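I have placed the structure first, in the form of C-alpha cells, so that the comments after it can refer back to it.
2 protein chains.
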Amino acid sequence: MGDIPRISEAEWEIMKLIWKSSPITSDEIISSLSDKMNWSGQTVKTFINRLLKKGAIGFEKSGRNYLYHPIVSEKECIKAENKSFLERVYDGTVSMLFSNFLEDEPLTDKEIEKLQKLLEEKKAERI
Amino acid sequence: MGDIPRISEAEWEIMKLIWKSSPITSDEIISSLSDKMNWSGQTVKTFINRLLKKGAIGFEKSGRNYLYHPIVSEKECIKAENKSFLERVYDGTVSMLFSNFLEDEPLTDKEIEKLQKLLEEKKAERI
DNA sequence: AATTTAAGTTTACGATTGTAAACAAAATAT
DNA sequence: ATATTTTGTTTACAATCGTAAACTTAAATT
C-alpha cells in the first residue's frame, strides 16, 4: 500500500492484463498482447521482467512455468495515476477534468444515468 | 492542429504557465516556477529549450529578451493527454474514469450541480 | 540420450527525461 | 572601456523506456 513503483505506458498494458487474469503465465501474456500491441515476445518478456524488478508483480513456480500475479493493487495504481494526471493537466481542478471529458467523450444514455445517480449519491452522502 | 509533440511531466508545468501568461519572458517563467517546482534556473531553461525544439512553443525577440508563446494549443494538448490517459488506465471506458474520480475526489455542491447540468445538456443534445 | 524448443535472464542500444553545469554573447554597471 | 551580470545555447550525465537480440537452462521430442 505504501509506495507504488512508477509504471510506464507499456507496462500498464501488462499490468491491466495481470490484474484481470492473474494468475497468468508469460505465455498467455505474450499471446494476449503481442498481437494487440504489436510487440515481439521478447519485448513483452522485458516488460514483465521490469515489473518484477520494480516489485509491481510477483510469481510462483508452477511446474516449469511461472504464474505471475500482481503485488501492487489495481486500485492504488489507478488512484496514483489519477492524481498525477489531475495535477499535471488540470492543476488539480476536478471539475475542469469532468467538463472536458464530458464535452469530448461520447456517453451512452445508460452511462449518463449512472453518473447522475452517482452524483446524487455524492451529494446526499455529504449532507 | 496536426501532430502534438509529446510533452513530459516537467514540460507540462512550463506549458501551463505559457498558456496562461503568454507572452512571457524566460525570467518570468523561472521566477514563477523555480520556487514552486524546486527547479534551478538552468533546469527551467532546459525545459524551455526542449519545448522550442519540439515546436511546442515559439518566441519573438523583444529587445534583448525573448517573449515566449505557445504554438500548440492548450485545448489540443489536453485533448491528447485525456485520450492517452483514458486509454492507458481505463482502456477507454469513460464511465469508469468518472466513477473513480467521483469516488475519490471531493467536489463542492456547486461543482456537483454544474456537472449535473452538463450531464442534462449532454443527454438533451443527443436526442 | 541427443536435439530441439520453450521460458526465463542478461545484455544492448538509442531516445527521452530530470537535473544541471559550462559556455557565449549581449547588456548594464562602474 | 572594462568588468559584471543576464540571458540564451551547448554539452553532460544518469535513469527510464521502448525495442529487442543473445544467452541459459530446463523440458519435450525424436
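Residue numbers (this note's numbering), protein chains in the order written: chain A, 11 to 137; chain B, 11 to 137.
By construction, the Cβ of each residue, glycine as well, lies at the ideal position given by its N, Cα and C atoms.
The model shown is predicted, which means the values in this text are computed figures rather than measured ones.
Comparing alpha-carbon positions, the option among A:E130, A:L27, A:D114 lying closest to B:K93 turns out to be A:D114. Under the Cβ criterion (8 angstroms, minimum of three pairs), the segment 33 to 50 of chain B does not count as touching the segment 111 to 129 of chain A.
At a cut-off of 9 angstroms between C-beta atoms, B:S105 counts as an interface residue with respect to chain A. DSSP places A:G68 in the strand class (E or B) of the three-state scheme. Going by beta carbons, A:L129 and B:L129 fall inside the 9 angstroms limit.
Counting along the chain, A:N75 sits inside the beta strand (DSSP E) bounded by residues 75 to 80. Any Cβ of chain B closer than 9 angstroms to the Cβ of A:W29 would place that residue at the interface, and such an atom is absent. Between A:I34 and A:Y78, the CB-CB gap stays under 9 angstroms. Distance from B:P80 to B:I88 at the Cβ level is roughly 12 angstroms; contact not present, criterion being Cβ atoms closer than 8 angstroms. When DSSP states are grouped into helix, strand and coil, B:I24 belongs to the helix group.
In summary, B:R74 is exposed, with fewer than 16 beta-carbon neighbours lying within 10 Å of its beta-carbon over all protein chains present. Taking a C-beta distance under 9 angstroms as the contact criterion, B:R98 and A:W22 qualify as a contact pair. Every unbroken stretch of the beta strand (DSSP E) spanning 3 or more residues and falling wholly within the segment 74 to 118 of chain B is given here in chain order: 75 to 80. Within the segment 113 to 126 of chain A, contact with chain B at the beta-carbon level (separation under 9 angstroms) is assigned to E113, D114, E115, P116, L117, T118, D119, K120, E121, I122, E123, K124, L125, Q126.
Contacts with chain A at 9 angstroms (Cβ-Cβ) do not include B:R60. Of the candidates A:S83, A:F108, A:R136, the residue whose Cα lies closest to the Cα of A:D13 is A:S83. Straight-line measurement puts the Cα of B:A90 at about 24 angstroms from the Cα of B:K133.
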